[in-house]
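Comments concern the structure below.
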Amino acid sequence: MLNHEPENDVIAKKGSGWEAKDFAAMYRHTIKRLESKGVDNAINVMAYMGNEKWMAQSWWADLYPGDDVVDWIGLDSYVSAEKGYYHYGKFADLLDRKATGNKGLGWYDWATTKHASKPIMIAEWGVYHRIGKPTDKTAGYNSVLPELAKRPGIKAIVYFDTKNDDEGNRDISIDSTKNNLAAFKKLAANPIFNVKIG
6 MLNHEPENDV IAKKGSGWEA KDFAAMYRHT IKRLESKGVD NAINVMAYMG
56 NEKWMAQSWW ADLYPGDDVV DWIGLDSYVS AEKGYYHYGK FADLLDRKAT
106 GNKGLGWYDW ATTKHASKPI MIAEWGVYHR IGKPTDKTAG YNSVLPELAK
156 RPGIKAIVYF DTKNDDEGNR DISIDSTKNN LAAFKKLAAN PIFNVKIG
């Protein structure tokens with residue numbers, strides 16, 4: 006991934022050098038330069054945060070550098086296992102987030118409608134609870150396979166396993182309780198994830 010999650014780095018001020026269009030230009034320049042040097046064994050991913058407030062920004066669409074230089078489209082997004090807490094939900098909720106105000110397409114529908122030829126990677130995902138407040142994550146883990154069956158655009162998922170995220174208060178680990186670990190192991194054992202490479 007080339008500078009993943011660019012949304013929160015944007016400085017939407019003309020001439021800042023950090024506008025969304027500047028990110029897109031940097032991405033294009035990097036990929037085109039690699040191509041001009043004969044690099045043909047690299048896959049690049051345009052990875053978004055998938056957060057409602059960023060998707061609502063007038064410049065959000067300007068981040069995309071173009072189908073000709075993007076191999077995969079990625080999403081880094083999470084859900085809470087704690088009812089009533091920020092982003093409480095299941096796997097579908099992180100895929101279907103819409104811009105603040107419930108405007109436009111959800112993230113997955115945007116990716117598959119606007120960039121239908123691109124495979125999707127859920128490059129970071131996880132189910133969290135606040136540190137010191139162990140909560141059952143089973144429903145979140147159990148919701149993954151039904152969604153993957155309905156969403157053929159998703160070709161890869163990567164779980165972000167940490168007991169203390171950069172926000173400083175979220176436990177995204179798979180083993181925060183014995184039941185959570187058992188539920189995750191059951192999910193990971195599904196044959197859908199037995200992919201042969203080569």
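The sequence shown begins at 6 in the working numbering and counts up one residue at a time. Each residue gets a CB set at the ideal place from its N, CA and C atoms; glycine is no exception. Please read all numbers here as calculations on a predicted model, not as lab measurements.
query                                                                                                              : result
Minimum length 4: unbroken alpha helix (DSSP H) runs contained in the region 96-130                                : 96-100 and 112-119
ILE78, enclosing beta strand (DSSP E) - first and last residue                                                     : 77-85
Nearest-angstrom Cβ-Cβ length linking TYR69 and MET51, presumed shorter than 8 Å                                   : 7 Å
Exposure of ALA154, with buried meaning 16 or more beta-carbon neighbours within 10 Å                              : exposed
Contact the region 134-149 vs the region 88-105: 3+ CB pairs below 8 Å                                             : yes
Cβ distance (whole Å) where TYR133 is taken to contact ARG175 below 8 Å                                            : 4 Å
Cβ-based burial, LYS123 [other Cβ within 10 Å; buried from 16]                                                     : buried
Exposed unless 16 or more other CB atoms sit within 10 angstroms - verdict on GLU87                                : buried
Nonlocal neighbours in the same chain, by C-beta distance under 6 Å from LYS58, ignoring five residues either side : THR105
Beta-bridge partners of ALA154, as assigned by DSSP                                                                : BP columns for ALA154 are empty, so no partner.
Run of the beta strand (DSSP E) containing ILE36, from where it starts to where it stops                           : Note, ILE36: premise wrong, no beta strand (DSSP E); alpha helix (DSSP H) at 25-41.
Alpha carbon of TRP130 to alpha carbon of ILE179, nearest angstrom                                                 : 11 Å
Identity of the residues DSSP links to VAL132 by a beta bridge                                                     : VAL84
Close Cβ partners of ILE48 (< 6 Å) along its chain, the five nearest in sequence each way excluded                 : ASP76
Residues that MET60 bridges to, as DSSP identifies them                                                            : The partner list for MET60 (beta bridge, DSSP) is empty, contrary to what the question assumes.
Check whether ILE78 and ALA29 have beta carbons under 8 Å apart                                                    : no
Close beta carbons around MET126, own chain, < 8 Å, minus the five adjacent residues each side                     : VAL50, ALA52, TRP77, ILE78, GLY79, LEU80, ILE159, LYS160, ALA161, ILE162 and VAL163
Reduced DSSP secondary structure (H/G/I, E/B, other) of ILE197                                                     : helix
Distance CB(ILE16)-CB(VAL74) smaller than 8 Å                                                                      : no
Extent of the continuous alpha helix (DSSP H) to which TYR91 belongs                                               : From DSSP, TYR91 is part of no alpha helix (DSSP H); its letter is neither H nor E.
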